[in-house]
Amino acid sequence: MAGDNEGGAGSAPPPPERPRKRGQPDLRVVADRLDGLPEDVRATMEAAGVIEGGGLDDVAADLLDADELRNIGHDDPLPGGQIDGIRPGEWKPDQYGLPPGCPVLPLGTNDGIFYFLDTIGQMRALKGSELGQAGINELFMGRHLWLTWAFPKSVRDVITSWRPERAREALMAACARRGTWNPLNGVRGRGMWRGRDGKLIVHCGDRLFTPRGEEPLGELEGRVYPTRAPIEKPWPVPMIQKRGPAARLIPHFQTWKWVRPKLDPILLMGSIAVGYMGGAAPYRPAIYTLGDKATGKSALHDDLKALQGEWLVQTADTTSAGIYQQLKYDCVPVAIDEFEAKADNRKAKGVVELMRLSFSGAPMHRGGDNHQGTQFQGRSAFRFSSINQPAMEPQDLSRMAILRLQRQPKDAVKPIIPEEELAELGRKIIRRIIDNWPRWHATYTAWREFLASCGHDGRGQDTFGMLMAAADMVIDVDAIELGLEIGPAAENFEAWRDVLTVENLTEFQDATENWRACLTHLLSRRIEAWRGGTRHTVGDVLTEFWESDPKDQDALGFGGTRKLLEQTGLTVLKPKDRTEHYELLIPNQHPLLHEIFRDSKWQGELMSGSWSGALRQMPVDLWRDGSARINGTKFKGVAIPLQNIIVKEDDARS
């Protein structure tokens, strides 16, 4: 449905150039020729058994998956030797004041820390005191002979070693020339990112894939892509208009017993794609898989681990600090199994906070040793699973889709896709995202517009729009085989309206506005005084007063109501004329109210309650600023007409 754009990583970047041995065929040429065979010739060769396995595309992919060993320092001269005719130490400085061809790249400095890319492209952060011989040797590992040429040390006119003090001076000066530099904004680790032109960049640890093909790691468009441990590369053969991974995976996911069998496998596929997209995605919604034992949660997570391989950070018991220390500057997906509700949920709250910040890529700051703070900017999509979900705030629930599993029948056979095939399918998902990246913006926009028509606000469009658009990208032409109204051939998305309308999504059934939750907390608190042998809540007292007959002598009148409420720091206000109503006054600050809100998020401090700010978030036509005397002292606060508080019996039934 969404239109295609020009350019982008989807324009099928050519396979990278690789050195080859004498007599070895050019693998690019072989792969291109295999991929370009006419369909009838390809079919004949496969039917004849000339090609076994997955066909010619797989052969081309295997040919392009070759690797080579690093050849570091092979051409560096022995002590006293020359480089390009330049004698040791007689070089002319480059723009940074370093010898030409320096294998270490200075990045800049900040607060006494000097940043570099070492000889294999890893980012190094060193204090000035660490730039001694050992520290410089670490930076130039494998290139010690280059150091001997650049900063020679002679004994009786014979070069024997190199001079650490000269190397240190040159390296620190080079960082000064680069200026101040912050890795939080400058470093891009493993995962997917957007270039300046919006096109896709894929960082696979030891390789960088761009629309121009494979490029060396290092600086690109003002950002630094350092070397990291390698993760799975994209499937090397373009898959445009070809059967893709969804044709195999969607039927597999459908074998689990989902509460929403039509929607949940699609959301799961979308979450996998969003996890790969990482830093290239505008938002990164989470998914939460809930289910009792024997529902297949563990089997599902095992499959997803095999599917995403080294892209996935997977853990069962961790803290937010443990996650961001492992991620560093990567934007790869995070899976947390057995994320169970516990009596002490502080660790879980820290992880959920990290998920919330990663949703939009907001930076996080934490204190550290020696008054040096830690900065982290999460851009990872989170995936949780458990039997019982920990308590979460509405702001967190609005950033995730909740997928519920039911028990499998006793005679159900566990669906199995071999790990090797799952790993291949994962690489094909990455390739599908690359191929379809030119249509990403139009696809995402189309899904957001459809979700708006289904009653979703901006956050709902961000969350479910990302998941559905990402699934759209991966399913692509497989939608025809799967019988799904999704992908570029879909005429519209009306087939999804019944499952994506806000009223039909369980994710929104427990969503409560902050002011409403605050008011509910207040009305549910018990008053210390007894009436009729029973302690009543604030809501009970207000309801009894509102519904009482003024002619009833035993009724709780205005005076009795006020007397009871003042024991909690509240009071009621009489109407000034017939056009007004009785009102509940909730002071901005009061010691008794502080006790009511103790240990809640609206507690605030003793004489500065947070509840007043929360209550003022309600629509302006439901409250006003008011004041009254409570136990002889005048207080200002929020005045709410009782008719806006009391739930009528008919309303409660509906």
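The opening position of the sequence shown corresponds to residue 2 in the numbering used here, with each subsequent residue numbered one higher.
Each residue gets a CB set at the ideal place from its N, CA and C atoms; glycine is no exception.
Only a predicted model underlies this, so the values are computations on that prediction, with no experimental measurement involved.
- Around the beta carbon of H75, fewer than 16 other beta carbons sit within 10 angstroms, so the residue counts as exposed.
- Cβ-Cβ distances below 8 angstroms link I114 to A126, L127 and K128 in the same chain, with the five nearest sequence neighbours on each side left out; the list follows chain order.
- DSSP lists G638 as the bridge partner or partners of G627.
- For G187 against H204, the beta-carbon gap comes to about 14 angstroms, at or over 8 angstroms, which does not count as contact.
- In this model, P100 and W92 are separated by some 6 angstroms (Cα to Cα).
- The DSSP-derived three-state label of M401 is strand.
- For Y330, the closest of I137, L565 and P227 by C-alpha to C-alpha distance is P227.
- Contact between the region 431-446 and the region 232-239 is present: 3 or more CB-CB pairs across the two stretches fall below 8 angstroms.
- By a beta-carbon distance limit of 8 angstroms, P104 contacts W147. Their separation comes to about 6 angstroms.
- Annotated three-state conformation of A336 is strand, per DSSP.
- Per the C-alpha coordinates, the member of D293, G223 and F636 positioned closest to R179 is G223.
- The alpha helix (DSSP H) runs lying completely inside the region 470-502 and spanning 4 residues or more are 479-483 and 498-501, given in chain order.
- The beta carbon of A363 sits closer than 6 angstroms to no other beta carbon from its chain once the five residues preceding and following it are set aside.
- Rounded to whole angstroms, R144 and F377 show a C-alpha spacing of 32 angstroms.
- The C-alpha of R229 lies about 4 angstroms from the C-alpha of G206.
- T507 counts as exposed, since fewer than 16 other beta carbons sit within 10 angstroms of its beta carbon.
- T464 carries a helical assignment under DSSP once its states are collapsed to helix, strand and coil.
- Around the beta carbon of K411, fewer than 16 other beta carbons lie within 10 angstroms, which makes this residue exposed.
- W194 and V333 have their alpha carbons spaced roughly 11 angstroms apart.
- Taking C-alpha positions only, A295 is separated from Q315 by approximately 21 angstroms.
- Between the region 259-266 and the region 416-424 there are fewer than three inter-stretch CB-CB distances shorter than 8 angstroms, so the stretches are not counted as touching.
- Bridge pairing for E166: absent [DSSP].
- Taking the Cα positions, R167 is about 7 angstroms away from F152.
- Comparing C-alpha distances from N72 to each of G136, M142, N138 and G98 shows the shortest one belongs to M142.
- Sequence-distant partners of E420 (beyond 5 residues in either direction) whose C-beta falls short of 6 angstroms from its own C-beta, in its chain, are A307.
- In the DSSP annotation of this structure, the continuous segment of the alpha helix (DSSP H) that includes F546 starts and ends at V539 to E548.
- In the structure shown, G214 falls within a strand segment according to DSSP collapsed to helix, strand and coil.
- Annotated three-state conformation of K348 is helix, per DSSP.
- Counting along the chain, Y289 sits inside no alpha helix (DSSP H); it lies in the beta strand (DSSP E) bounded by residues A287 to L291.
- Taking 9 angstroms as the cut-off, the Cβ atoms of I388 and H253 do not count as close.
- When DSSP states are grouped into helix, strand and coil, L209 belongs to the strand group.
- Here Y226 carries a strand assignment [DSSP, helix/strand/coil].
- Distance check between P89 and each of A402, I160, V352 and G109 places I160 closest, using alpha-carbon atoms only.
- Bounds of any beta strand (DSSP E) do not take in A447; it lies within the alpha helix (DSSP H) bounded by W441 to S454.
- In this structure, the CA atom of E504 is about 14 angstroms from the CA atom of A402.
- Linking P237 to L355 through their CA atoms gives a straight-line distance of about 34 angstroms.
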